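Here the structure comes first, spelled out in structure tokens, and everything after it is commentary.
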Amino acid sequence: MKDLYAWAAIGLIILASTTGDVLLSYSMKRVGDVGELWKRRGVLAVLGRVLATPTFALGLMAMGVAFYSLLFGLSWGNLSLVVPASASLTFVANAVAARIFLHERVGRRRWIAALLVAGGVVLMAI
Amino acid sequence: MTFRKYFVLAGITVFSTAGDSLLARGMKALGHVSPHDLSGLLLAILNPWVAAGIFFLLAFFACYMSALSWADLTYVLPATSLAYVLVALIGHFRLHEEISPTRWLGIALIAAGVGSVAAGPSVTSVPEQRESPEVPRAAVSPEVES
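Line by line, the protein sequences give chains A and B.
All the letters of the first sequence, read from the start, carry residue numbers 1375 to 1500 under this note's numbering.
All the letters of the second sequence, read from the start, carry residue numbers -5 to 140 under this note's numbering.
Given below as structure tokens:
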């Protein structure tokens, strides 16, 4: 039962943080290059435009869900299971989601990178 | 990729590492927060270590959002994993902690993954943007996949 809760939390973390990352990335692409905007219009224009993007707030909410799922998962499972399992699988899930929802061209180079990083995170945690 | 953009990517790594370490140090100093009295979490921000940690995590978030405004999610995310490497290296060289062969292999895998993505294009998709006459479309330099 304990393991079931821990893995349910891991699944929830992966789902919520992938949703959050995709929404935040989508929002920032709509805002455009903030460095350029800052130079032209100042920092208030940047903040205004970011906060006026509805998907940004949704992304933050998803990140909040991911954070509380992590706290929940840590109360049921070990740190050495929950953190590396959720972090590494999130890298892979993000590559899939970015390809589907953000239309990023995830070529062979980026697939290999996602798997390398995911494997590396697991190795560093054990 | 300009110098400024590499600076922002470095900021993601450095600020998240600093923020997490400071938060961990502050929360250890405070001790356990009872689930029956969550007011401890509110008072935690009065601890200077926790406050500094939150400051650095905000800086991290600003850098992360800035990077996502001009680079793909699959380009920026691997860079965030460099924080794991940085923590391990600081532990090894500053605090003289032992790094096991397994962890060295993990560091090598992460570095290889990040390096392989960083060598490629930072943007592969240019989605429809808001009407912004002050930023002409030509300013969004299309980088072709190598």
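By construction, the Cβ of each residue, glycine as well, lies at the ideal position given by its N, Cα and C atoms.
Here the structure is a predicted model, which means the values were calculated and not measured.
What is the DSSP secondary structure of residue i, reduced to helix, strand or coil?
| i | result |
| --- | --- |
| Ala1431 of chain A | helix |
| Pro95 of chain B | helix |
| Leu1489 of chain A | helix |
| Thr118 of chain B | coil |
| Asn1452 of chain A | coil |
| Met21 of chain B | helix |
| Pro130 of chain B | Low per-residue confidence applies at Pro130 of chain B: pLDDT is 47, beneath 50, and the placement is therefore not dependable enough to give any value. |
| Ile1500 of chain A | coil |
| Arg1473 of chain A | helix |
| Glu125 of chain B | At Glu125 of chain B, the pLDDT of 46 sits below 50, so the modelled position is not reliable; the number obtained from the coordinates is stated separately. Three-state result, Glu125 of chain B: coil. |
| Ser140 of chain B | A caution first: Ser140 of chain B carries a pLDDT of 43, below 50, which makes its placement in the model unreliable, though a value can still be read off. Coil at Ser140 of chain B, not helix or strand. |
| Ala1436 of chain A | helix |
Can you list the residues of chain A that residue i reaches, using a CB-CB cut of under 8 Å?
| i | result |
| --- | --- |
| Met59 of chain B | Leu1398, Met1402, Val1408, Val1424 |
| Tyr78 of chain B | Gly1494, Val1495, Met1498 |
| Gly85 of chain B | The premise fails here: Gly85 of chain B is roughly 11 Å from chain A at the closest Cβ pair, so nothing lies under 8 Å. |
What first and last residue would you give for the alpha helix (DSSP H) that runs through residue i?
| i | result |
| --- | --- |
| Pro42 of chain B | 42 to 64 |
| Arg1414 of chain A | 1408 to 1415 |
| Thr68 of chain B | 67 to 74 |
| Thr1393 of chain A | 1376 to 1405 |
Starting from the beta carbon of residue i, find every residue of chain B whose beta carbon is closer than 8 Å, and list them in chain order.
| i | result |
| --- | --- |
| Phe1465 of chain A | Leu71, Pro72, Ser75 |
| Val1439 of chain A | The premise fails here: Val1439 of chain A is roughly 17 Å from chain B at the closest Cβ pair, so nothing lies under 8 Å. |
| Leu1490 of chain A | Leu103, Ile104, Ala106, Gly107, Ser110 |
Identify the contact partners of residue i in chain A, using a Cβ-Cβ distance below 9 Å as the criterion.
| i | result |
| --- | --- |
| Thr146 of chain B | Given that chain B is displayed from residue -5 to residue 140, the structure contains no residue 146 of chain B and the question cannot be resolved. |
| Gly100 of chain B | Gly1493, Gly1494, Val1495, Val1496, Leu1497, Met1498, Ala1499, Ile1500 |
Going along chain B in order, which residues have a C-beta closer than 9 Å to the C-beta of residue i?
| i | result |
| --- | --- |
| Asp1377 of chain A | Within chain B, no residue comes near Asp1377 of chain A; the closest Cβ sits about 22 Å away, beyond 9 Å. |
Since I believe residue j is in contact with residue i (beta carbons under 8 Å), could you give me their beta-carbon distance rounded to a whole number of angstroms?
| i | j | result |
| --- | --- | --- |
| Ile104 of chain B | Tyr78 of chain B | 6 Å |
| Ala82 of chain B | Ile101 of chain B | 6 Å |
| Asp66 of chain B | Ser116 of chain B | 7 Å |
Show which residues of chain B have a CB atom less than 7 Å away from the CB atom of residue i.
| i | result |
| --- | --- |
| Val1480 of chain A | Thr68 |
| Val1405 of chain A | Ser63 |
Please identify, using Cβ separations under 8 Å, the residues of the segment 33 to 54 of chain B that lie next to chain A, in order along the chain. Within the segment 33 to 54 of chain B, not one residue has a Cβ closer than 8 Å to any Cβ of chain A.
What are the residues in the segment 1449 to 1462 of chain A lying within 7 Å of chain B by C-beta distance? Result list empty, no residue passes.
Proximal residues, the segment -2 to 24 of chain B versus chain A, C-beta separation under 9 Å: The segment -2 to 24 of chain B vs chain A, Cβ under 9 Å: Arg(-2), Lys(-1), Val2.
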